[in-house]
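Peer 1: Residue numbering for the sequence shown is 2 to 47, as defined by the numbering used here. The beta carbon of each residue, even a glycine, is placed where N, CA and C say it ideally should be. Following this message is one structure expressed as structure tokens.
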Amino acid sequence: MTRVNIEVEDELHRKAKLASLLENKTLIQFINEAIKEKINKNKNVK
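Shown next, in the form of structure tokens:
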């Protein structure tokens, strides 16, 4: 696994944290799933 240091807008962070809690997931799990979904939707990424 690779560690990344990113900046996220405060409002985006708040919404993502709330959404992750509602799904009973950690914020990291939530972000990883969101990235995977975005990649899977993009046909150019293999």
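1) Specify, as a first and last residue, the run of the alpha helix (DSSP H) that GLU12 falls within.
2) Where VAL9 and LYS37 are concerned, what is the direct C-alpha to C-alpha distance, given to the nearest angstrom?
3) Could you spell out where the alpha helix (DSSP H) holding LYS42 opens and where it closes?
4) Considering Cα atoms alone, identify which of LYS26, ASN43, ILE32 is closest to VAL5.
Peer 2: This is what the structure holds:
1) 11-23
2) 18 Å
3) 28-42
4) ILE32
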